[in-house]
Each structure stands twice: as C-alpha cells, then as structure tokens.
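Have a look at the structure below before the remarks.
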Amino acid sequence: MIMREPIPRPEARNSFQALGREALHVVGEAGRCGVLCGQALFAVRHIFRSVRMRQEILTQMYVAGIRSIPVITIVAVFTGMILALQTGLALSRYNQEVFVGSAVMLSMLREMGPFMTGLILAACVGSSMAAQLGTMMVNDEIAALEIMSIDPVRFLMTPRLIAMLVMTPLLGFYTCMMGVLGGGVVAMTQLNVGWSQYVVNALDFAANKDLYVGLLKSVVFGAAIVTMACYEGFTTEQGAVGVGMATRRSVISAFLLILMLGYFITRLFYN
Amino acid sequence: MIRFEQVTKRFGSRRVLDDISFEIRQGEVFVIVGPSGTGKSVTLKHMVRLLTPTSGRVWVGDTVASEVSGGRLERLRERFGYLFQGGALLAWMDVFENVALPLREKTDLDEDAIRTKVQQTLAMVGLETDGQKRPSEISGGMQKRAGLARAIVRDPEIVLYDEPTSGLDPVTARMIDQLIARLNRQIGITSVVVTHDLHSALSIGDRIAMLKDGRVAELSSPAEFRRSRNPVVREFLDAQYITPETQDGGF
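Chains as they are written, first to last, in this note's numbering: chain C, 23 to 293; chain E, 193 to 443.
This is the structure we're talking about:
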C-alpha cells in the first residue's frame, strides 16, 4: 500500500467527466484505505511474537491516550455545561429542569462523547501521525524499512491502530463522564437541581445500549482516524509541502468520516 | 549480476528512463553519474523494486526483480544493502538500535550476538563510540556512516549507494569513498554508486555509466571515461576541472 508513483488522472473533457473521474478517484482512495486497514489488522498476529511491537503499542497508548486527557477533559466538561445550560433553560419553561440529567447523559453517551473524542483525537493524534509518517516517507525512512524487508504497515501502523482501538472507547467513556460532571455543576449552580436528583435522573434514562453503541462508535472512529492518518502519511510526496498537505488531508477526511460513520451507526441502532 | 533490459520508466507523461540496457558484474564497483534529474536514483530504486519499470526488465542474478513480490521480493531485498542520501535513520532510535534493527526484526540472533555484530559493524565505519547517540545528535557524515553500517550489518551481496558523498566536506567524502572501496576489496561486495562527484567516481569505480536524459550516454572504465570525446561527458568533466591528465587517486 506504500505508493511512490502518482495515480494517473487523465484530463477531463467536460465537467460531467470531471465529476465522474473525481467520484471514481474517491472510490479508489476509499478502497485503498480499506485494504491498508485490513493489512494492519492482519498484522496484529505478530503482537504475540514481537516484544518491540508490544512496547510500541504501550508507547502509542500513552501518546494517543494519556497525553490527550487534559484537552479532552476541558472540552468534555464545557460541552456538558453548555448542553445542561441550553436544555435546562428550555426545560425550565415547563418546570421540567429536573430532567436535565437525562438530557445530558443521553446526548453524551449516544453522540457527543464519541463524537468529541473522535474530533479531538483526529486533530491532535491523527495529524501528528500523518506528519510523522509523511516526514519518514519523504526522508526515505520508510523505503529503508522496505529494503530491510520490514513491513512498514506492521512496523508503524499496526501498533498505532491497536493503541487507538484500545484508547478511543476508554477516552469516549471518560468524555461522557466528564460531560455529565460538567452538566451537573450547571444543574446545581444555575438550574437549582440537586446533585443526587441530577445523577438519579441521568442514570434512570440511560440504557446499556446507549453505552455500547457509544463505545462502538468510539472504536470505529479510532480505526478511521488511524487509517486516514497512515494512508495520507504513506502516500506523502513532494517534501515538506507534501507533509503539510498530507496532514491537512488526514484531519479533513477523518472529520468527514467521523460525521458520516456516526450517522450510519446511529441509523443502524436507533432505527 | 544486475541486468537492465530495455528499461523505460515514465512518471505520467515524463519519461525518466528511456530504453536503457546495461549489466553490472559481480564484485565490481559500478558508478552511475550524470546531471540532476537524469534518472540516477530512479535506476537504483528499480534494482530493489522500490519502483517498477513501465517497460523492460531488471534482472538480479536469475530473478526478474521487476516482477517479484511477496516472499520472493523479501528474499531478493535481503541480498541488498541500501545507503540513502540522508542516511534514512529512524529518528526515535539511537545509532546502535538503528543498526541492530534489521538483525532484531529479520534474524533469530540472541541479544549478545546482535550486540557483538553491531559493535563490529560500527567499528568498521568508525562509529564504535557513538552508538548511544540519536541521529539528530550526529553530523551528516556520521549519519551516512551509520546508514552504511545498517546497510551492511546483514552481510549483503550488493550495496547500493545513493549520493554517498553529497553535502559532505572533502575529508569526510574521502573517508566514505575509502569505506566503499574497502568493503568491495575486503568483503567482495558488489557496489553500485550514484554520485555527482566525478573525483569520487574516478577514484572508486571499476566502470562508470553516465546517464543523460534517461539514456546511457557513456559506459567505460575510469581511464576511458577521462579520455572520452563524448561532448556530454566532456562537459561534465570540464565542469569539475578534470582533464585527461588528472590523477584519479584510486584506492
């Protein structure tokens, strides 16, 4: 999946042809991303044989997970506070502000938790992954690995993918809890809803399914972020400018994928 | 040992290699020279199938390198060492770990054997005391020597050098030339060197091929190359102040 030659894109004669070719190009890129993700997952079997790979997974878990906690905490708390404030003010018109806990809990578990986590990780971790692999590509480090018969997908992508698959659901759950905590602070201080009332109400309305679907979304988003970052990194060309472009493309495509995949998973489970 | 048969390489509409054919013999130092953008590095990358020809074939021994894949490609690449222009060391590993990497990943050697082999190889390139340094902490010349140590640590039959002396001061460049010559003479490694540096080419080469516009403009011994009347070669020699009487200072 490491590509050193540009994919030929012949000149279109009219705008319809250009649109069709662009669509085919996008389908081709999606297919290559799928193959790359499949290759990385297939290489997971090496985890049992390689000490280096296990160490690298732990390093990547630290980089992707632990180092993202401060920014995730701030975003999650404020998202919960905004949610609680907006829904609480609307509910208070009907004297139903006591239900603010359920509104915040359901929003965070079903959508906002995995969604915010995905966006933050795409921006923080996915971009740095694409930049690192892109720089390695233009510096011939990846070619050096290939000549040593070391598969760059197994060596570089698989540990990142496993680390992300482990960390995104954990961070997604953490985001939910921080959001609920932030919402609780607003409920207590501005909506006059007691803490215990807020928590009981939040837990009453949350079902196990909401948690599981949220965690599934996080896992899917994690895989999408790593796949896009590594695909863009492995296809980087044209030196420093190319690294910048690859980083930008990886963030944009990860954002779009998170939105689209999020919708389809919701559609699948809440039909 | 390595044979190019009517190899053409196009990137889009741009033809980088144009129907080139030549053969590299076992045990020789084969130098490819030529101006920038004439396909020297592209030629080198075809030998290890980092690139595949648009048409034609590249043979390594009795294997068609341009057509192998999977396990056969892996075995083919195990016969090669490759020194990249910038050394291509992994930035997050120190020099020792970079050199040990192919041994750790592709052999069953135990830790003691790996340590001994890496130390021996680092000593060969004069870096025995610099193993614990990161690539960012050493000079460009040292990075190239570390890259060379990594390229030869698994005792390859063929080593490919992409601009081994570019960007180096004359003393370090000479040291790299000596290393290439020593590896060739002492271990019998077949060497293919891509360079702009004609002084280096004339010193270490058994044969020199000059590429111009994707074609082989000249293929001869250093002595014949120096005396060549080919205007392309003469222009290149004159630009580096090399006359037919210039001594090559060979090793």
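Backbone N, C-alpha and C fix where the C-beta goes; we use that ideal spot for every residue, glycine too.
These numbers come from a predicted model, not from an experiment.
Within chain E, the residues placing a beta-carbon under 8 Å from that of residue 172 (chain C) are 293, 294, 297, 298, ordered along the chain. In the structure shown, the three-state DSSP call for residue 196 (chain C) is helix. Non-local C-beta neighbours of residue 381 (chain E) in its own chain, meaning closer than 6 Å and more than five positions away in sequence, comprise 351, 375, ordered along the chain. A straight line joining the alpha-carbon of residue 183 (chain C) with that of residue 102 (chain C) spans about 29 Å. At a cut-off of 9 Å between beta carbons, residue 169 (chain C) contacts chain E. Scanning C:159, C:114, C:176, C:205 for the CA closest to the CA of residue 96 (chain C) turns up C:205. The beta carbon of residue 182 (chain C) sits no closer than 9 Å to any beta carbon of chain E. In the DSSP assignment, residue 353 (chain E) falls outside any alpha helix (DSSP H) and within the unbroken beta strand (DSSP E) covering 350-354. DSSP places residue 145 (chain C) outside any alpha helix (DSSP H), giving it a letter other than H or E. Residue 391 (chain E) and residue 434 (chain E) have their alpha carbons spaced roughly 8 Å apart.
Taking the Cα of residue 213 (chain C) as reference, the smallest distance to any Cα among C:181, C:105, C:292 is reached at C:105. The criterion of a C-beta distance shorter than 9 Å is not satisfied by residue 77 (chain C) and residue 185 (chain C). By the Cβ criterion, the stretch 120-139 of chain C is not in contact with the stretch 241-250 of chain E, since fewer than three pairs of Cβ atoms, one from each stretch, lie closer than 8 Å.
A straight-line Cα-Cα distance of about 19 Å links residue 220 (chain E) and residue 255 (chain E). Among the residues of chain C, none has a CB under 9 Å from the CB of residue 431 (chain E); the nearest is roughly 26 Å distant.
Distance from the CA atom of residue 251 (chain C) to the CA atom of residue 152 (chain C), rounded to whole angstroms, is 4 Å. Not flagged as an interface residue toward chain E: residue 152 (chain C), since no C-beta distance is shorter than 9 Å. Nearest Cα to residue 229 (chain E) within the set E:360, E:196, E:207: E:207.
Listed along chain E, no residue sits closer than 7 Å to residue 226 (chain C) by beta-carbon distance, the nearest being about 49 Å off. The straight-line gap separating the alpha-carbon atoms of residue 275 (chain C) and residue 254 (chain C) is approximately 10 Å. Among the bridge pairs identified by DSSP, residue 251 (chain E) is matched with E:195, E:256. Closest in alpha carbon position to residue 139 (chain C), among C:241, C:290, C:35, is C:241.
Taking 9 Å as the CB threshold, residue 329 (chain E) stays off the interface with chain C. In the assembly as shown, residue 415 (chain E) is an exposed residue. Its beta-carbon has fewer than 16 other beta-carbons within 10 Å. Between residue 135 (chain C) and residue 201 (chain C) a beta carbon distance of about 6 Å is seen, short of the 8 Å cut, so the two are scored as contacting.
Contacts with chain C at 9 Å (Cβ-Cβ) do not include residue 378 (chain E). In the DSSP assignment, the residues bridged to residue 200 (chain E) are E:247. In this structure, residue 240 (chain E) places its C-beta atom within 9 Å of the C-beta atom of residue 268 (chain E). For residue 273 (chain E), the pairing in a beta bridge is given by DSSP as E:351. Judged by pairs of C-beta atoms under 8 Å, the stretch 414-432 of chain E does not touch the stretch 250-264 of chain E, as fewer than three such pairs exist.
Taking 9 Å as the cut-off, the beta carbon of residue 301 (chain E) is found no closer than this to the beta carbon of residue 293 (chain E).
Exposed is the label assigned to residue 363 (chain E), since fewer than 16 other Cβ atoms lie within 10 Å of its Cβ.
Scanning the stretch 328-394 of chain E from its first residue to its last, the whole beta strand (DSSP E) runs of 3-plus residues come out as 350-354, 382-386.
In this structure, the alpha-carbon of residue 113 (chain C) lies about 34 Å from that of residue 145 (chain C). In chain order, 142, 143, 146, 147, 193 place their CB closer than 7 Å to the CB of residue 90 (chain C), counting only its own chain and leaving out the 5 sequence neighbours on each side. Contacts between residue 165 (chain C) and chain E, judged by CB atoms closer than 9 Å, involve 237, 240, 242, 274, 276, 280 in chain order.
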